[in-house]
Structure formats: structure tokens, C-alpha cells
């Protein structure tokens, strides 16, 4: 019963209430004011902060664009960015493949689909920081459940949290656990909404299963897959809770993602101006990526163009 | 669209019911008779983590105030490292809550925050002047910021005031005592006395078979290590051998190196004898002329290379360990050596420990030559160059300037510092309060009675080694120069991260130290080089 | 989907299903196990209470006896309900306006995108400004501060989800109301609003779950009285090592409310999480 909403609203209909000018503004006003007050104002305030070097009670000095200059040469920041990019790329690729693959396989009438959906929702709404701490006990190296399982399968125990490479793998695994169900649920919903008659026609024409997938399913699913990709991208770049709770960014800086580094700059090193500058760089990076993708995705939201 | 199926609702409701049932029926235990189940395999591996807290309680010192309560209706809020009701440092607060409340009429609030969040939260509270916390059980390295920002109160005015419980600052050994004061005033009320000593398995070092095999391999007698070189040999020798008779290979040593897990302290006490020596007793962190960090000197480099080399004799998991896991490894008998705080020696005596009566303690090993930062030369020493330390937090209470109940706050801290309380705190393992007073030591160094320790469950050899090691450490002629200038929290956070990078081979020791220096420079520049330099020079007791 | 699957394919499907469900469920079960195991049983590789080990409720009782934990549960509840309610109250009229009225400068499309784009802003960018603003407003360590913040970050959800819902309503009913002389507000509140009520509740629930789970601002803006569950949970790993049993209890105490809430709104989850673009 799922469908991608693509209906265009007839212009005339909108014109119907066009004359009620004052009323319509009142409807919109609270939300707009709210966003301006709690989102745009802090954003401008952050921009202002980024021009200062300050630490409470000790330093407050105007430094111009110096904080932005530091962005270019800060090796720690660059390593945080690199870690984040690795995290974003690997989680999204794995989640898309696993989630979409599973949805394709389960795209059939079956009993208990609602139970399955209920189960798949659990990770999506599980508190990420709780999952991170739970992860400490799951990845526990000496006799933790995962290593016990691996040993039972005849595999050497893995140094999950003490080795830089595996620690990042652990963080990625937790994120995959949490968000693969999202890709699965959305893909399945969209798959079920695909027009059945196309497949019937294809079958009549003797098209193979693969051919119907290649020439019907994939093209029709592309917008949805793009949408999922976009939504995951936006959220994945913000990752903070899981590495903070699971590894504290360690060992060394191995899992210190961008947001965690910025948080540390602000709340550990009390370098508030520089932290603001870092935040803006992240905003620019994400905006550029999203803008490039959004051109293709805008049509999914049936707003008049 | 389909209706939501009832199944999911049932699942949800069932879960809710289970939780609620758990929550509202605390008394109801499952009725099943206690079958003597066979001990499952692997259970032993966790026993040490649950060493019993024991029944030993400090005597009641303060009498209830009845109708005449000095701090009636006041509230004292304490912020402390999260460790729970039976955990180190935080535990005694829960224990004393009732006695304090009855003696003063005030209420005691305890706010636990993770170690890494404690200082940021505290500084935030101070800089915003919101006065949420009356007391912080603080780390001594924060004092530069806390005193420098004029955020905490000196208790000079109350120390001799008879309204408060009596305790004796002169009882604290000079080393740890120096951390209680800053700029000639008293700020921290004595509580925990931190310093790292070496722990070794006495039974292993005295074992004739091991002695013979060791001599064969290394060409000298197996004994308590005196230099880090010997420490390495002993760790290497025992690594991979079964040390507790469970048939599984164990480790030469154990450390805690998790980022944010206080791993930087390992490096400090370890590196001291590589840099500090008879001709350089004070320089370790910065050049007092320029405030340039000294951390990338050949001495520091050799120290870090040696430390990183040692890591191969411990379990790989220790890169992700905080204190607790590292101690448990030793307590389960799975490591021959370690160097850490007083907690371990006392924990080893508690029920569940596998190493009671086997835990020797001694001053940290030293070196045979050190790098003199003043001359830029390696200097050979006669004998062994050993350096004492007050490494660690020496967690002790400070009183906020913004407190609305400063006298009640001091009352609490003085009560905990009183001699009868402190004696029991130091003798117990679980409470995290480590020895450092003359009244904690056995004669001739101090005035404690061996009977008290034996009554507290100590093994006699262990306690003699332990108190001697602490006395030796704190009274050593050379002492590691503790850092207490503003920004120390930032400096040491940077060191902690880079140390972990070196330990996990993400950076070479040289790169890690270079990165540390770069971070130190950035912090100094931000805080003001000249201001920092002046405070640093004063803290070293040097002339301007 | 149309063609019958071969028996092998069916077995494969069922097998995959079992793996997927196990993969999702096992971590929860592991948390539950730890929460009812005595500390000494933690590493005993036993998995079935009563049969393999004697479960205990002592950790649950102990945790819930701590006043700070109870306070945190209460704080989290108030933050979640408060933030979601504000978000819905402000978001619904805006959603209606975007669905029904035509705006020129700026256009509907721009406004929608503008609301949507709030999700792109990295929260970490707001840590310092919010901290300073809340300090000026004397709102540090207050529940109100977290309510305001979470309302802000969930506002895109309520606006976009609900505007999709309004858009799908046939407008004839409202037109009839206008003919009967209703004002714009009456058409909205008496005709359109009741019809989207189920969706409204679902959006409210999604906003609540998100607010409950928020960690970054809870960590940086609370010090004592307003600490919610996600911050409390951090205390389960401390200087004496990882306390498996408390990790179990605290993770479940933290996880269960939002997941249960989400189950109640499950019909709308897919739509909610895709901001209305895909119906579930």
C-alpha cells in the first residue's frame, strides 16, 4: 500500500484560498519565528563566536578569521574528518546493500510481516548512547559474547576495542545494526507500491526474473534509493553518540569522528571560537554533498515548483 | 493502509508489564529452591571484579546534633567521579551521608559524573557562577585553574576552628601534603594520597624453578626489579606462562591505556627517572625561560620507546582498559607485574582476590642514566636513579567560592579527614583512598599498628611491603615534578590521547611526542605564554 | 512477489529472516541477561534464566532505588513530552499552511526546503552558542532548555510529515465549510485537524522518541538537576571497570521507552523517517 507521493497539486486549487493572505501568514508565523530564534540566531551567534579566541573567565580576544585559518593546518581535525568519511562511506554502503537486498528477498506476501516490521523498528529508536555502552559489553575482549561466539566457530578472538582498526569496525558495526532496518523498511514499503501490472506484462513477454529486476524494479526504485542515501548521509555525518559511548574516540584517535573532535575542542579544551569554526566547516561539507544530491531528490516532495 | 496489527501492541505491553513488575516488586525473589549448581566454567575469570566490599566500617566520629544543629536545612552538593555506592572515592560519601546529616542537620547530595566529564562540568559551573556544586572531590592537577580563576575557598580560617572535626595536616607526608596547598594557602582537604608504586607477585619471584630458569636465560638472579630494564626482563620472562594455575597462559604485566582512562599517569611515573636526576630535580614539562615544552627530548623519547616496548608483555585488550580492568587482571593472578596506585595493594586483600599474600610492593624501578635537560647530556649515575612520585589525582575535596553552605562543606571534608576515618579508608581496598600519612605507616616510619591491618584482613607480608613502598615513594629524595599550572587539564588530555596513539602504533613514539609538543604549544599560546611562564616558574620554586 | 518461489528459495528466505531477526533481537536479549545475572555469572556463557542460572532482580531494585536514576527517568519523560508537544503545536499550523495555501515570496517549495534543511545543521555547531545563550537566560541545567532545543530539532519532522498528511486530505470538506461561512482557522481546526489526528499522534510519538534519545546537548547543558537518562547511563562504566549488570539495567531503562513508543506508531514510522516521502 505504499507509494511514493508524486501527485502535483493543481494550481487552481491552491488559488482557492490565496486571498486569505493574513490568515495564512499566521499559520506559518510561529514555526518560522521559532526556527529563526532557536536555529538561525544561534547559527549567527556561532559565526560571531568563531571570530574570537576565548575561554571562560580568562581569554576573550578578537582574532578575525584566524580560527578558520587553523582549519587548514590542523592535522587532528583532518584525521577526524577522514575517520568520519570512512565511517559515512562504509556504513552507508553496507546498510544500502544489506537493507535493499533483504527487502528484495522478502518482497512477497507473507504472514507476520507486521511482526517483522515491529522487530525491525526496535533498533531504529533504541537510544544510540545506550547501544554504545551495551556495545562495550558485547565487544568485551576477554570472554565477551562476540569473542566467545567467534571462538566457538573456530575463529581467533578479535581485539575489538583495543586495536585502532577493529575499534572503528566496531563503531561501524553498531551503526549498521541500528540503521540497516531503516533501509530495509523503506525499500520494502516502496517495493510493495510498485505497479503490479508492469511485472505481469513482463512475465507475459517472457522476461527473466533478472530482466524484470534490471528494467522495472531498479529504475522505479532509483528515486527511493536516492532518498534513503540522502537521509542516511545527513544523519551519518552527524555521528557522535556511538563513538563517544563505545570507544571515547580511542584508541588514540582511531574513532575520533568529526563531531567528537569538535565537542572536545569546545568542552575539553575550552576553545570555543575554534570549535565554532569547525562546526561551520562540517556544515559546508554536508551542504555541498546534499545540494548536489538534492537536485535529483526534490521531486519526491510534492511541493509545487 | 492496513491497521496496525495487535501483535506489536501485545509485545509492547508485555515488555511494559515485565519492567513494571520488576520495578514494583522488589521483595519478591524467584521461589525456585537454591539448587547447588556446579560452578560454570569461566566464572572464576570474573570473580575479582566482584571482590567483596567487606564489613569493615570506620568508627562514628561526629555526634548527632539533636535540637542544636549548626547547618540545619542547608544542602551540600558534592560532585565526584562516577564509581557508585561501593566504588573508589565516591563510596565513602554514601557511607558517611547519614552520620554527616545527623551531626549537622544539613543534607548531602552526591552527583556522580564520569572521570572525563568531571573537570569540564566543574569549570563550567564555576565560570558561569551558577554554584551548583559546593564541593568537588577534585584532582590535584586542576588546582592551577581552580585557584587561578579564584573559584575555590581556602580553608585556612577553619582549619583550627574547634567547631569542625579535628584532623592534622602535619600527619600527611610532605610529598602529598604539598598538593593540598597552593600559593601558601590550604585548599584541598586531605583524603586520597596518590602515587604509583610497583606491584609484583612475590610467590613467583621467590619460586626456585623460576629463579633457576630466569638465571639461565638472563644471566643474573631473579629479584624484585630495580631498573626498568630488569622490569622488562621479568615481564618478558613471565609473559605467556601460567601464573595462577588455571592452565591458561597469562601475562607479564598489566596497564590501563584507554583514552580517557587516566593512562597518561603511567607515562609520567614511568618517564620520571629518564629525565629527573640529581642534577635536574625539577625540569620535566617546560623550559622555564621560554615555556617551550620539553616533551620531545631524547630522555622523554627513550622513556616512551621503552614503555611502548613493554606493552607486548601485556594483554592486547589493555589498550581499551580503564583502571578497573587492569587491576582485575592482576587480582585474578593473570599478570606478574604492574605499576599503579595504592588501591591495588588493598584490593588484593579482599575476598575474591587470587593474590592475597602474594602481592609485593616496592618503589618504582629506575634507570642507570638520565637525560639532563639543562645540559642536553646523558648522565650516568652510581647505582640506580629512582624517582618518587605523587602521580595521580590525590582526589580530595575543594570548596566552591559560590557555595551557599561553605562551612557545612568544610565540616564534611574535615570529618572524612579525621584520623580514625582515614585509617580505615586507607586499610580498605574498595574505597579508593590510598595511604600517605604517618599514621598509615607501620613503625618506625609511622604510628599504625600491624594488628589493625591484620584485623582489616591484610596479609602481614603484603602490608609491610605496601606501607614501606608508599613511605619510600613519598620520601624519596627525587620527586617527579607534578604539574599544577592553569591549563594542566588540557595539557594532560593531549598527552593522554597521543600516548594512546603511540601505544597502539598509530604513531611512532617520536611522532607522538612531537604531536604532544605541538598541542602543548597551542594551549600555551592561547592561555598566554608569559602568564603561563610566570606561574610555572613560581610553581617550580625558581626565581623569575 | 508474483511468481511462486521455488522451495529452495523459500527455505533461503526463511533462513535469512531468522538471521535478520536474531541480529536485531540478540543485543536486547544480552542486555536483559546481564541485568538479571549475578555479577559472578557474567561470563559463565549461560543464556536461559532458571534453567541455566538463577536470575536476580537485585540490580533492577538497586538501580531504581537510586534517587538520581529516578529523577533522570522523570526528567527524560518531561523533556520528551514537552519537546514533542511544542514541536507539534507549532508544526501543525505551519504544515497546514504549506499544504493548503500558496506562498509567493518565499515560495512553498523554498519554505519546505528551508524547514527540511534544519536537519542538515550539525548539532555540534550549536553546542557552544546554546551553552552561552542558556547561560544568559539562566537556563543551564534546566529541563526547559532541553525542551526548547529538542522542539527545535524535531520541528522539521512535524512540519514535513504533517504537511504530507494534510495534502492527502480531500479538500472538499474544507470547501464545504467555507461555503457554510467558516473562517480559515475553523476550517483547519474543526475539519482538517480531526482527520489527520492519527498521523498527528504518530508524529508526536516520533518526536518524543527522538527527544528522549538526544545525548549531545543533554551532556553539555546539564549539571545536576536536569540530567536525563542518556547521561546517567554513562556512569555504568567507571573507574572500577565495566559493570555489566548495571550496563544491562541502564541500557534497558533507557532503550525501552522510545522503542515501545515507536512500536505504537509503527504504521507511520517509514513515512516519518523519510519525512513523508515514502508511505509505509
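Protein chains in written order, with the numbering used here: chain A, -1 to 303; chain B, 2 to 545; chain C, 33 to 312. Don't be surprised by glycine CBs; every beta carbon is placed ideally from N, CA and C. Keep in mind that this is a model prediction, so the values were computed, not measured.
Among the options, nearest to residue i - alpha-carbon criterion
i              : options                           : result
residue 241(B) : 213(B), 303(B), 334(B) and 322(B) : 334(B)
residue 538(B) : 145(B), 154(B) and 371(B)         : 145(B)
residue 32(A)  : 122(C), 73(C) and 107(C)          : 122(C)
residue 485(B) : 151(B), 540(B), 503(B) and 442(B) : 540(B)
residue 132(B) : 360(B), 271(B) and 407(B)         : 407(B)
residue 312(B) : 300(B), 327(B) and 380(B)         : 327(B)
residue 52(A)  : 282(A), 160(A), 268(A) and 277(A) : 268(A)
residue 256(B) : 300(B), 324(B) and 373(B)         : 324(B)
Local conformation of residue i per DSSP, three classes
i              : result
residue 96(B)  : helix
residue 278(B) : strand
residue 438(B) : strand
residue 375(B) : coil
residue 186(B) : strand
residue 411(B) : helix
residue 294(B) : strand
residue 200(B) : strand
Chain B within 7 Å of residue i, Cβ atoms only
i              : result
residue 47(C)  : no
residue 266(C) : yes
residue 143(A) : no
residue 255(C) : yes
residue 52(A)  : no
residue 167(C) : yes
residue 273(C) : yes
Neighbour-count burial assignment, residue i, 16 or more Cβ in a 10 Å radius
i              : result
residue 270(A) : buried
residue 252(B) : buried
residue 310(B) : exposed
residue 266(A) : buried
residue 282(C) : buried
residue 178(B) : buried
residue 304(A) : Any answer about residue 304(A) is impossible in this case: the structure gives chain A only from -1 up to 303.
residue 508(B) : buried
residue 432(B) : buried
residue 108(A) : exposed
7 Å Cβ cutoff, residue i in contact with chain C
i              : result
residue 239(A) : yes
residue 325(B) : yes
residue 213(B) : no
residue 286(A) : no
residue 527(B) : no
Within-7 Å CB hit, residue i to chain A
i              : result
residue 306(C) : yes
residue 170(C) : no
residue 401(B) : no
residue 505(B) : yes
residue 255(B) : no
residue 260(B) : yes
residue 151(C) : yes
residue 320(B) : yes
residue 121(B) : yes
Residue i: contacting residues in chain A (beta-carbon distance under 7 Å)
i              : result
residue 260(C) : Under the 7 Å cutoff, chain A gives no residues; its nearest Cβ is about 10 Å from residue 260(C).
residue 75(C)  : 141
residue 336(B) : The contacting residues do not exist; residue 336(B) stays about 12 Å from chain A at best.
Cross-chain neighbours of residue i in chain B, by beta carbon under 7 Å
i              : result
residue 224(A) : Those do not exist, as residue 224(A) stays about 24 Å from chain B at its closest Cβ, beyond 7 Å.
residue 108(A) : By Cβ distance, chain B contributes nothing, its closest Cβ being about 13 Å from residue 108(A), past 7 Å.
Contacts of residue i in chain C (Cβ-Cβ under 7 Å)
i              : result
residue 113(B) : 267
Neighbouring residues, chain C, relative to residue i (Cβ below 9 Å)
i              : result
residue 266(A) : Residues of chain C passing the Cβ test: none, with the nearest at roughly 11 Å.
Beta-carbon neighbours of residue i, restricted to chain A and to distances below 8 Å
i              : result
residue 62(C)  : 132, 135, 136 and 143
residue 486(B) : Here the premise fails: no neighbours, minimum Cβ distance about 13 Å.
Closer than 8 Å at the beta carbon, the chain C residues around residue i
i              : result
residue 129(B) : 167 and 172
Residues that residue i contacts on chain A, provided the C-beta gap is smaller than 9 Å
i              : result
residue 354(B) : Ordered by position in chain A, no residue passes the 9 Å Cβ test against residue 354(B), which lies about 18 Å from the chain.
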